[in-house]
Every structure is written in structure tokens, then in C-alpha cells.
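In our numbering, the protein residues as written are 109 to 369. One structure is given below, encoded as C-alpha cells.
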């Protein structure tokens with residue numbers, strides 16, 4: 109008599125995630141975009157720190173070189189966010205979305221798999237590049253400029269949250285891509301939310317409203333070792349960003365479920 113060995117079946121989400129991972133790593137644009145993110149952030153961090161001068165006694169209390177070295181996050185978020193948009197809209201533009209939906213009929217599962225795979229990849233890359241940027245930029249500081257240590261108060265938290273921010277922006281890109289399903293409009297919306305609106309609203313009303321926009325949260329709440337006046341605290345800013353991601357992905361999943369391919 110042959111013994112029956114129970115077979116472990118993968119779930120629909122697991123199969124969808126495996127498929128999304130294969131698609132993501134097979135695209136040349138993925139590797140190039142992530143390489144650009146790494147090179148750009150490290151270069152900006154090193155150049156910024158190389159030009160950072162020792163603070164005057166009056167400004168020593170608020171001098172935050174950790175925030176300076178993480179300035180490249182502004183470039184990294186653009187690349188990661190646009191790639192997140194393309195993870196969704198690229199399939200619609202070339203028509204391969206029909207094959208994807210044939211393999212994964214549940215559109216919410218499909219979007220969740222895309223978000224999980226891309227979010228994990230960008231989180232790993234984001235944390236790695238934030239750490240590399242910090243140590244490379246620290247080494248570029250001129251003599252006489254206070255060097256931040258990874259164990260100094262607030263420094264490790266700032267570096268790790270800056271890396272996590274890249275992943276959150278990537279997920280925003282996926283959510284916006286799911287909402288519009290059109291590459292140009294999704295990228296325009298992403299750039300508007302992260303760059304244009306904060307600058308315009310900040311110029312009109314100061315930080316009162318602008319401090320709630322992603323880029324302002326990154327630069328003045330997450331990637332700081334010392335608190336910035338009139339801005340959100342680091343963990344409040346992080347919670348607001350997570351809320352934005354949840355709402356955007358939720359709305360995108362809802363629209364995907366009620367639209368034709």
C-alpha cells in the first residue's frame with residue numbers, strides 16, 4: 109500500500125507574489141533604476157557633506173549633519189516612485205495586464221502581490237543605501253566639523269526611517285498607478301504630491317499645511333536627528349505616510365476591482 113503524503117498547496121497570494129517577483133527581476137529597468145537610486149543618494153550625500161562647514165556657536169545646538177547626509181532621499185524617492193508607477197501602468201500600456209489577470213483573476217490579490225514584492229525590494233535597497241550613504245558622507249566631512257555617530261541620539265532612527273521612506277514612496281507609486289492606470293498622469297500626480305504642491309503651499313502658508321506632504325515629512329521629520337520646529341515628530345510623520353499608503357492602495361484596489369482590464 110502506498111503511503112499518502114499530504115501536498116502543501118501554495119495560496120493564490122503566494123503564487124501571485126512569485127509571479128510578480130519574476131517579472132520585477134526580469135526587467136532591465138528595475139536594476140538600472142535601483143542602481144541610479146543608490147549612486148544618486150550616495151553621491152548627493154558625499155557632496156553635501158564635503159561642503160558642510162562647521163557651525164557657528166549660535167547654530168551649534170541645531171546643527172544636524174545627519175539630515176545633510178540624507179539629502180539624496182529627494183532624488184531617490186523620485187526614481188523609486190516612478191518605478192512603482194511603472195510596475196502597474198507598464199502592464200496596462202503594453203497589454204500584458206490581460207495575461208496577469210488570467211493568471212490572477214482576483215485583482216486585489218494581484219495588487220497586494222505587486223505591493224508586497226516591490227515594497228520588500230525597495231525597503232531592503234532603501235535601508236542599505238541609507239546606511240552606506242551615512243557612512244560615506246560621514247567620511248567626507250572636513251576636519252573640524254562634528255561627525256555624527258550611528259549611536260548618537262536620533263541618528264540610527266533617522267537613517268532607518270529615511271530608508272523606509274523610499275519604500276513608502278514606491279508603494280505610493282503603485283497605488284497611484286492603480287488609480288490612474290496611465291503612466292503619464294500617474295507620474296504627474298506623484299511629482300505633484302511630492303515636489304510641486306509642497307513648494308507651492310509652503311510658499312503661500314508656510315509649514316502649517318506643507319508639513320503634511322511626503323517630501324516635507326521626509327526632510328524635516330524622518331531624516332533628522334534633532335527635532336525641527338513647527339514640523340511633525342518623526343514617528344507621527346511616519347504614521348501619516350503609512351496612512352497615505354494604506355488609503356492610496358485601498359482606493360486603487362477598489363477601482364481595479366470595478367474596472368475592465
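Just so it is clear, CB atoms sit at the ideal spot from N, CA and C, and this is done for glycine as well.
C-alpha distance - residue i paired with residue j, whole-angstrom precision
i           : j           : result
residue 177 : residue 324 : 16 Å
residue 138 : residue 165 : 46 Å
residue 309 : residue 298 : 16 Å
residue 357 : residue 229 : 17 Å
residue 209 : residue 262 : 45 Å
residue 321 : residue 157 : 26 Å
residue 148 : residue 122 : 33 Å
residue 140 : residue 211 : 28 Å
residue 367 : residue 287 : 10 Å
residue 364 : residue 300 : 23 Å
residue 267 : residue 203 : 39 Å
residue 184 : residue 118 : 35 Å
residue 257 : residue 191 : 33 Å
residue 317 : residue 351 : 17 Å
residue 126 : residue 360 : 21 Å
residue 150 : residue 144 : 10 Å
residue 354 : residue 134 : 27 Å
residue 271 : residue 201 : 30 Å
residue 207 : residue 345 : 39 Å
residue 240 : residue 292 : 32 Å
residue 120 : residue 341 : 39 Å
residue 104 : residue 163 : Past the edges of the chain, shown from 109 to 369, lies residue 104, and the structure says nothing about it.
residue 326 : residue 132 : 26 Å
residue 124 : residue 347 : 28 Å
residue 280 : residue 188 : 10 Å
residue 224 : residue 278 : 11 Å
residue 128 : residue 294 : 20 Å
residue 269 : residue 244 : 18 Å
residue 182 : residue 142 : 14 Å
Buried versus exposed, by CB contacts within 10 Å (16 or more), residue i
i           : result
residue 136 : exposed
residue 312 : exposed
residue 329 : buried
residue 170 : exposed
residue 338 : exposed
residue 213 : exposed
residue 58  : Residue 58 lies beyond the range of the chain shown here (109 to 369); nothing can be said about it.
residue 255 : exposed
residue 180 : buried
residue 349 : buried
residue 130 : exposed
residue 167 : exposed
residue 227 : buried
residue 333 : buried
residue 259 : exposed
CA nearest to the CA of residue i, picked from the options
i           : options            : result
residue 296 : 194, 266, 173, 316 : 194
residue 276 : 233, 254, 256, 133 : 233
residue 146 : 349, 348, 315, 238 : 238
residue 155 : 242, 125, 223, 226 : 242
residue 315 : 279, 336, 162, 292 : 336
residue 282 : 317, 258, 133, 199 : 199
residue 252 : 128, 173, 348      : 173
residue 159 : 246, 293, 326      : 246
residue 331 : 362, 274, 289, 120 : 274
residue 153 : 285, 248, 128      : 248
residue 362 : 175, 284, 290      : 284
#### Entry: Ordered list of alpha helix (DSSP H) runs contained in the region 122-179, each at least 4 residues
136-158, 173-177
### Task
Would you list, in sequence order, the uninterrupted alpha helix (DSSP H) runs of no fewer than 4 residues that lie entirely inside the region 316-366?
322-325, 342-365
### Entirely enclosed alpha helix (DSSP H) segments - the region 282-317, minimum 4 residues
291-299, 305-313
### Message
Check whether the region 217-230 and the region 287-307 are in contact - that is, three or more C-beta pairs closer than 8 Å.
### Response
no
### Message
Restricting to runs no shorter than 4 residues, where is the alpha helix (DSSP H) found entirely within the region 193-231?
### Response
205-211
### Query
At which residue ranges does the region 233-292 contain complete alpha helix (DSSP H) runs of 4 or more residues, listed in the order of the chain?
263-288
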